[in-house]
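Trainee: Have a look at this one before I ask anything.
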Amino acid sequence: MKTTQRLAWFALLGLLTLGTACAPAANGPRIRVATATAQQLADAEQEDHVWYEFQQGDVIPVVFAFLGVSEGGARQPVVFRAKQHFWFVTSKNGPMQISFDGKTFADQRAIQSMIAVVPRKDGQGGQLGWIIYMGEGNPEAELKALIEQQRSGGAQ
């Protein structure tokens, strides 16, 4: 086989590999978190891929925990309210991904973490504001709008 033919085959193989790496694995159960039963959640632990569904208006309690170089977390859950339909897709052999259409995975910019260090109200050091952005919009613009809302006293 000539070198040019071999290179063409390697290029084709590379493109096919890239295409399958970008395509979502659409297998696995789909579970709406807001209405899931204990049995559905237990059964999902045995699956390689699980699509956890959130519909607009779903309110889910979330408990935060910090591991690794830090430790701690919240004792009480905070409110997580879905503003649109989306899925968290978990895999036993890879990182969690997010889908906004239930078919394809969003790129890694769709989930971002932002941290603000601000003075504590009691003047005894600083505190962290940890913001997790999930979406297809402009996180900087949404953060600026949130800050303006806080400053104007319109926070809810």
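Residue 134 in my numbering sits at position 139 of the sequence shown, and the numbers go up by one each step. Even for Gly, the Cβ is constructed at its ideal location relative to N, Cα and C.
1. Do the region 73 to 88 and the region 42 to 53 meet, that is, are 3 or more Cβ pairs less than 8 angstroms apart?
2. For E48, which of helix, strand or coil comes out of DSSP?
3. Please return the same chain residues whose Cβ sits closer than 7 angstroms to the Cβ of A105, not counting the five positions on each side in sequence.
4. For the alpha helix (DSSP H) that contains A39, what are its first and last residues?
5. Do you know how far the Cα of V73 is from the Cα of P56?
6. Output needed for A69: all residues of its chain with C-beta closer than 7 angstroms, excluding positions within five of it in sequence on either side, in chain order.
7. What would DSSP say about Q145, mapped onto helix, strand or coil?
8. Assuming contact is defined by CB atoms lying nearer than 8 angstroms, are V84 and W46 in contact in what I supplied?
9. So, are the CB atoms of P24 and A39 less than 8 angstroms apart?
10. I'd like to check one pair, P134 with Q103: are the Cβ atoms closer than 8 angstroms?
11. Between which two residues does the beta strand (DSSP E) carrying P158 extend?
12. Leaving out the 5 sequence neighbours to the left and right, which residues in its chain are closer than 7 angstroms to F95 when beta-carbon positions are compared?
13. DSSP on P134, reduced to helix/strand/coil?
14. Rounded to whole angstroms, what's the CA-CA distance from Q119 to V113? Just pull it up for me.
15. Going straight from the alpha carbon of D117 to that of V54, what length do you get?
16. For the beta strand (DSSP E) that contains F100, what are its first and last residues?
Mentor: Concretely, from the data shown:
1. yes
2. strand
3. I93, M129, G130 and E131
4. A33 to A39
5. 6 angstroms
6. V58 and F59
7. helix
8. yes
9. yes
10. no
11. A query on residue 158 cannot be resolved here, the shown segment of the chain reaching from -4 to 151 and no further.
12. F81, A101 and E131
13. helix
14. 11 angstroms
15. 32 angstroms
16. Unbroken run through F100: none, as it is neither H nor E.
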